[in-house]
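Right, one structure below, let's go through it.
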Amino acid sequence: MRRFSWFNATSLTLGFAFLYLPMVILIIYSFNASKLVTVWAGFSTKWYGELMQNEAFLDAAWVTIKVAVISSTIATALGTMAAIVMVRSGRFLGRTLFSGMIYAPLVMPEVITGLSLLLLFIGIGLDRGVLTIVLAHTTFSMCYVSVVVSSRLVSFDQSLEEAALDLGCSPFQAFFLVTLPIIAPAVISGWLLAFTLSLDDLVIASFTSGPSATTLPMKIWSSVRLGVSPEINALSTIMIGIVTIGVITASLVSKSTVARQQREERAAERLSAG
Amino acid sequence: MPQDVFAPWLDPDANPIIQFKNVTKKFGDFAAVDDLTIDIYEREFFALLGPSGCGKTTMMRMLAGFEAPTEGHILLSGQDMAPVPPNKRAVNMMFQSYALFPHLSVWNNIAFGLRRNGLPKDEIAARVDEMLRLTRLEKFARRKPHQISGGQRQRVALARSLAKAPKLLLLDEPLGALDKKLRQETQFELMDIQEKTGTTFVIVTHDQEEAMTVASRVAVMDHGKIVQVATPPDIYETPNSTYVADFIGDVNLIEGKAGAMDGDKLAISWGEGLADIIGTPHTNFDKGQTVYFAIRPEKVTITHDKPANPIAFRGKVLDIAYLGNLSTYHVELPNGQIIKAQTANNRRISRRGFTWEDKVWVSWTDTAGVLLEN
Numbered sequence: 025m026r027r028f029s030w031f032n033a034t035s036l037t038l039g040f041a042f043l044y045l046p047m048v049i050l051i052i053y054s055f056n057a058s059k060l061v062t063v064w065a066g067f068s069t070k071w072y073g074e075l076m077q078n079e080a081f082l083d084a085a086w087v088t089i090k091v092a093v094i095s096s097t098i099a100t101a102l103g104t105m106a107a108i109v110m111v112r113s114g115r116f117l118g119r120t121l122f123s124g125m126i127y128a129p130l131v132m133p134e135v136i137t138g139l140s141l142l143l144l145f146i147g148i149g150l151d152r153g154v155l156t157i158v159l160a161h162t163t164f165s166m167c168y169v170s171v172v173v174s175s176r177l178v179s180f181d182q183s184l185e186e187a188a189l190d191l192g193c194s195p196f197q198a199f200f201l202v203t204l205p206i207i208a209p210a211v212i213s214g215w216l217l218a219f220t221l222s223l224d225d226l227v228i229a230s231f232t233s234g235p236s237a238t239t240l241p242m243k244i245w246s247s248v249r250l251g252v253s254p255e256i257n258a259l260s261t262i263m264i265g266i267v268t269i270g271v272i273t274a275s276l277v278s279k280s281t282v283a284r285q286q287r288e289e290r291a292a293e294r295l296s297a298g
Numbered sequence: 003m004p005q006d007v008f009a010p011w012l013d014p015d016a017n018p019i020i021q022f023k024n025v026t027k028k029f030g031d032f033a034a035v036d037d038l039t040i041d042i043y044e045r046e047f048f049a050l051l052g053p054s055g056c057g058k059t060t061m062m063r064m065l066a067g068f069e070a071p072t073e074g075h076i077l078l079s080g081q082d083m084a085p086v087p088p089n090k091r092a093v094n095m096m097f098q099s100y101a102l103f104p105h106l107s108v109w110n111n112i113a114f115g116l117r118r119n120g121l122p123k124d125e126i127a128a129r130v131d132e133m134l135r136l137t138r139l140e141k142f143a144r145r146k147p148h149q150i151s152g153g154q155r156q157r158v159a160l161a162r163s164l165a166k167a168p169k170l171l172l173l174d175e176p177l178g179a180l181d182k183k184l185r186q187e188t189q190f191e192l193m194d195i196q197e198k199t200g201t202t203f204v205i206v207t208h209d210q211e212e213a214m215t216v217a218s219r220v221a222v223m224d225h226g227k228i229v230q231v232a233t234p235p236d237i238y239e240t241p242n243s244t245y246v247a248d249f250i251g252d253v254n255l256i257e258g259k260a261g262a263m264d265g266d267k268l269a270i271s272w273g274e275g276l277a278d279i280i281g282t283p284h285t286n287f288d289k290g291q292t293v294y295f296a297i298r299p300e301k302v303t304i305t306h307d308k309p310a311n312p313i314a315f316r317g318k319v320l321d322i323a324y325l326g327n328l329s330t331y332h333v334e335l336p337n338g339q340i341i342k343a344q345t346a347n348n349r350r351i352s353r354r355g356f357t358w359e360d361k362v363w364v365s366w367t368d369t370a371g372v373l374l375e376n
């Protein structure tokens with residue numbers, strides 16, 4: 025094992041401090057009793073209590089969760105379908121163009137995605153609100169889902185589906201009874217990824233929302249402009265918590281599936297050897 | 003005691019269960035199966051044998067319905083299969099990779115096909131239990147596929163494909179993933195199950211020993227065509243071409259020129275200063291025509307002294323392959339031709355007679371070899 029030198033320890037500490045110190049400060053100050061964000065006046069959870077009384081924040085939170093659940097669900101369905109087409113259909117005319125177009129939004133600046141969606145919604149005369157945010161979020165998060173699902177499908181043994189057909193399934197049944205249960209971990213982690221992306225998003229939501237719908241990141245952004253309040257700190261802490269849980273669950277779901285498979289395969293090998 | 007020999011292919015009134023009629027399958031410009039016509043009969047254990055890329059797997063996939071023929075027709079019990087999708091065919095397949103559903107237990111894997119038929123629950127349970135008994139898997143019913151060994155997985159795959167009692171079972175390299183010992187045991191198990199269930203089996207394999215062991219008839223394929231279809235003894239003893247002779251088992255191939263016929267015997271001249279080989283042809287050879295003489299190593303006798311047999315050649319031992327039960331000697335004749343001679347080691351090692359560089363005689367009888375045109 026490599027020696028843990030002072031240099032390594034220092035660079036590791038500095039690196040993590042750079043990444044997480046701001047968030048740690050935010051979390052600590054969310055428990056500050058003082059109204060002033062920069063002066064520590066003892067531990068208190070009162071800002072969390074006040075947050076629960078704040079109608080505007082609660083409304084925004086409700087909108088955010090609604091948008092995140094609906095958009096990530098639609099994105100998962102569309103992204104999975106796109107992944108299946110990309111992996112299964114082999115070569116067809118315009119395949120490269122099509123796959124490029126699926127992945128392009130991953131690298132597209134959010135401002136441009138937001139602006140172009142705004143122009144589209146104005147162009148077709150769609151009133152901006154929850155619906156338009158859902159559509160916008162579905163658009164960009166479905167690429168992430170299709171990346172996650174297609175990387176799983178590449179290693180999927182296609183004879184499993186053929187076996188299902190051979191045993192009397194219609195192609196539709198074969199997908200739902202065999203393919204989907206097997207790729208489910210990838211689909212679930214795709215959904216969680218889409219969910220957290222939608223939860224975080226400020227830029228695209230700002231472009232595509234209307235006066236009737238404000239998401240939590242938008243609400244935080246607009247109230248911070250009037251000054252940082254401990255309430256915002258409390259709210260941000262809750263969001264960090266939700267996102268962290270989402271990301272950790274997503275990685276645990278895929279990791280534990282892999283670990284379980286490996287464990288069981290090893291057990292099977294022992295069994296066949298012995 | 004007289005016994006009925008199972009040979010429906012000799013009976014002109016027998017109805018074949020599968021008929022390939024001039025079937026061609028092209029992938030782009032490449033013909034994987036090329037104008038192929040063959041009948042397969044009920045209760046047969048039919049083996050498609052050939053090197054990889056010869057079209058045997060394509061034939062099987064066409065029977066299962068995963069590929070459609072480019073030209074020609076495939077008939078199952080007299081009915082054209084072209085418009086029938088894989089899930090509506092009374093045909094089941096056992097996949098090379100087994101393709102067991104990893105998220106289902108052994109029991110549910112076997113029940114999978116039965117559930118699609120919408121049978122009542124107790125009937126499904128009875129049938130699954132019957133299949134588990136047949137394949138001796140009762141103890142593993144609740145296990146997942148990755149919790150059992152390779153040999154057990156192979157039996158689950160077989161049980162699953164037999165559960166729906168198909169008219170026809172297709173086996174794609176079913177024993178390829180097993181080690182040699184287990185493979186031999188499983189071959190006998192397969193034959194046993196085939197006899198018990200009375201299902202028609204079509205097996206695809208590149209292992210000629212496997213095909214010879216299990217099959218009632220073997221079709222040797224090459225480049226999308228069937229070169230020869232015959233029972234295992236016929237295909238071994240009377241191959242119709244050098245390709246088949248060379249593909250099945252070990253063979254000595256000697257090229258020569260046909261001489262004059264003498265009764266039913268033909269003399270073949272094949273090297274300067276060497277006596278003609280006398281063979282018994284099944285077809286007519288014109289004088290001067292190129293002829294290949296094929297003889298199996300175990301039909302070549304190797305001796306120290308000149309044998310009484312008139313077809314005998316002097317040579318020296320070049321190589322010895324000791325296989326335990328058999329020894330194969332590579333004997334070089336004066337013209338450089340190498341003849342493989344095989345003897346059974348029915349005595350223990352003390353009496354081994356030949357060693358490297360020994361001058362020996364190789365000989366055979368005039369009916370031991372086969373004369374081939376190509």
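Line order of the protein sequences matches chains A and B.
One point on numbering: in this note's numbering, the residue at position 262 of the first sequence is 286, and numbering is uninterrupted.
One point on numbering: in this note's numbering, the residue at position 16 of the second sequence is 18, and numbering is uninterrupted.
Don't be surprised by glycine CBs; every beta carbon is placed ideally from N, CA and C.
Computed from a predicted structure; not experimentally measured.
Open item on the list: Cutting at 6 Å between CB atoms, please list the residues of its own chain near alanine 395 (chain B), excluding the five before and the five after it.
Closed with: Since the first and last residues shown for chain B are 3 and 376, residue 395 (chain B) lies out of range.
TODO: State whether the segment 60–80 of chain B contacts the segment 121–131 of chain B, with contact taken as three or more CB pairs (one from each stretch) at a distance under 8 Å.
DONE: Contact fails: fewer than three Cβ-Cβ distances are below 8 Å.
Task: Closest by C-alpha distance to proline 104 (chain B), when choosing among A:Ile264, A:Asp181, A:Glu79 - done: It is A:Asp181 whose Cα lies nearest to the Cα of proline 104 (chain B).
TODO: Round the Cβ separation of glutamine 210 (chain B) and glycine 273 (chain B) to the nearest angstrom and send it over; I've been treating them as touching at under 8 Å.
DONE: Incorrect: roughly 30 Å between the Cβ atoms, too far for contact.
- [ ] Indicate the three-state DSSP secondary structure (helix, strand or coil) for methionine 263 (chain B) in the structure shown.
- [x] When DSSP states are grouped into helix, strand and coil, methionine 263 (chain B) belongs to the strand group.
Open item on the list: Any beta carbon of chain A sitting closer than 8 Å to that of asparagine 110 (chain B)?
Closed with: When Cβ-Cβ separations below 8 Å define contact, asparagine 110 (chain B) makes no contact with chain A.
Open item on the list: Looking only at its chain, what residues have a beta carbon closer than 6 Å to the beta carbon of proline 235 (chain A), apart from the 5 residues adjacent to it on each side?
Closed with: Taken in chain order, the list of residues that qualify is empty.
Open item on the list: Less than 8 Å between the C-beta atoms of serine 218 (chain B) and phenylalanine 32 (chain B), yes or no?
Closed with: The criterion of a C-beta distance shorter than 8 Å is not satisfied by serine 218 (chain B) and phenylalanine 32 (chain B).
Open item on the list: Which residue wins for smallest C-alpha separation from glutamate 73 (chain B), given the options B:Pro336, B:Glu44, B:Asn24?
Closed with: Nearest of B:Pro336, B:Glu44, B:Asn24 to glutamate 73 (chain B), Cα basis: B:Asn24.
Open item on the list: So glycine 115 (chain B) contacts chain A; which residues on that side make the cut at Cβ distance below 7 Å?
Closed with: Within chain A, the residues near glycine 115 (chain B) are Leu191, Gly192.
Task: Buried/exposed call for glutamine 21 (chain B), threshold 16 Cβ in 10 Å - done: Around the beta carbon of glutamine 21 (chain B), 16 or more other beta carbons sit within 10 angstroms, so the residue counts as buried.
Task: Pick from B:Ile279, B:Ala310, B:Lys308, B:His306 that is closest to alanine 296 (chain B), judged by C-alpha positions - done: Ranking B:Ile279, B:Ala310, B:Lys308, B:His306 by Cα distance to alanine 296 (chain B) puts B:Ile279 first.
- [ ] Note down, in chain order, all residues in the segment 160–188 of chain A with a beta-carbon under 8 Å from any beta-carbon belonging to chain B.
- [x] Answer in chain order: Asp181, Ser183, Leu184, Glu186, Ala187, Ala188.
Task: 9 Å Cβ cut-off: residues of chain B touching isoleucine 206 (chain A) - done: Neighbours of isoleucine 206 (chain A) on chain B, chain order: Phe103, Pro104, His105.
Open item on the list: Could you compute how far the alpha carbon of tyrosine 331 (chain B) sits from the alpha carbon of alanine 232 (chain B)?
Closed with: Each residue's Cα considered, the two are about 30 Å apart.
- [ ] Starting from the C-beta of methionine 47 (chain A), find all residues in its chain whose C-beta is less than 7 Å away, skip the five residues before and the five after it, and write them out in chain order.
- [x] Cβ within range, chain order: Ile264.
Open item on the list: By the DSSP assignment, the beta strand (DSSP E) with leucine 220 (chain A) in it spans what residues?
Closed with: The amino acid at residue 220 (chain A) is misidentified as leucine; the sequence shows threonine. Bounds of any beta strand (DSSP E) do not take in threonine 220 (chain A); it lies within the alpha helix (DSSP H) bounded by 204–224.
Open item on the list: Suppose contacts are defined by Cβ-Cβ distances below 8 Å. Is arginine 162 (chain B) in contact with asparagine 111 (chain B) by that definition?
Closed with: Yes.
Task: Host alpha helix (DSSP H) of glutamine 197 (chain A) (start-end) - done: Looking at the DSSP string, the run of the alpha helix (DSSP H) that includes glutamine 197 (chain A) is 195–198.
Open item on the list: Suppose the cutoff is 8 Å on Cβ atoms and the five residues either side in sequence are ignored; what does the same chain contact list for glutamine 189 (chain B) look like?
Closed with: Cβ within range, chain order: Leu177, Glu212, Thr215, Val216.
Open item on the list: Rounded to the nearest angstrom, what separates serine 54 (chain B) and methionine 95 (chain B) at their Cα positions?
Closed with: Taking the straight line joining both Cα atoms gives about 19 Å.
Open item on the list: Which of the three DSSP states is assigned to serine 271 (chain B) in this structure?
Closed with: Looking at serine 271 (chain B) - three-state DSSP - the assignment turns out to be strand.
Open item on the list: With a threshold of 6 Å on Cβ separation, who are the neighbours of serine 174 (chain A) within its own chain once the five nearest residues in sequence on each side are excluded?
Closed with: Here the set comprises Ala107, Met110, Val111.
- [ ] Tell me whether tyrosine 83 (chain B) sits in a helix, a strand or coil according to DSSP, three-state version.
- [x] The residue you asked about is not tyrosine; residue 83 (chain B) is methionine in the sequence shown. Coil, per DSSP.
Task: Secondary structure of proline 168 (chain B), DSSP reduced to three states - done: The three-state reading of DSSP puts proline 168 (chain B) in coil, since its state is none of H, G, I, E or B.
Task: Which residues DSSP lists as bridging aspartate 224 (chain B), in chain order - done: DSSP lists B:Lys227 as partners of aspartate 224 (chain B).
Task: Nearest-angstrom Cα separation, counted from glutamine 149 (chain B) out to isoleucine 51 (chain A) - done: Straight through space, the alpha carbons of glutamine 149 (chain B) and isoleucine 51 (chain A) are spaced by roughly 46 Å.
- [ ] Go through its chain and collect everything with a Cβ distance to glycine 290 (chain B)'s Cβ below 8 Å, but skip five positions before and after it.
- [x] Spatial neighbours of glycine 290 (chain B) in its own chain (CB-CB distance under 8 Å, excluding positions within 5 residues in sequence) are listed in chain order as Lys259, Ala260.
Open item on the list: What does the alpha-carbon distance come out to for the pair lysine 301 (chain B) and glycine 114 (chain A)?
Closed with: Answer to the nearest angstrom: the Cα atoms are 52 Å apart.
TODO: For the alpha helix (DSSP H) containing glutamine 186 (chain B), list its first residue and its last residue.
DONE: Glutamine 186 (chain B): member of the alpha helix (DSSP H) spanning 182–199, first to last residue.
Open item on the list: Please return the same chain residues whose Cβ sits closer than 7 Å to the Cβ of leucine 139 (chain A), not counting the five positions on each side in sequence.
Closed with: Within its own chain, the residues whose Cβ lies closer than 7 Å to the Cβ of leucine 139 (chain A), once the five positions on either side in sequence are excluded, are Phe231, listed in chain order.
Task: DSSP beta-bridge partners of lysine 318 (chain B) - done: Looking at the DSSP assignment, lysine 318 (chain B) forms a beta bridge with B:Glu334, B:Lys361.
Task: Chain-order list of residues whose beta-carbon lies under 7 Å from that of threonine 88 (chain A) (same chain, five-residue window excluded) - done: Result list for threonine 88 (chain A): Leu223, Thr239, Leu240, in chain order.
- [ ] To the nearest angstrom, report how far apart cysteine 193 (chain A) and valine 171 (chain A) are at their CA atoms.
- [x] Approximately 28 Å, taken between the alpha carbons.
Open item on the list: From the DSSP secondary-structure annotation, give me the bridge partner or partners of valine 25 (chain B).
Closed with: Looking at the DSSP assignment, valine 25 (chain B) forms a beta bridge with B:Leu38.
Task: Within chain B, partners of valine 202 (chain A) - CB distance below 7 Å - done: Those within 7 Å of valine 202 (chain A) in chain B are Phe103.
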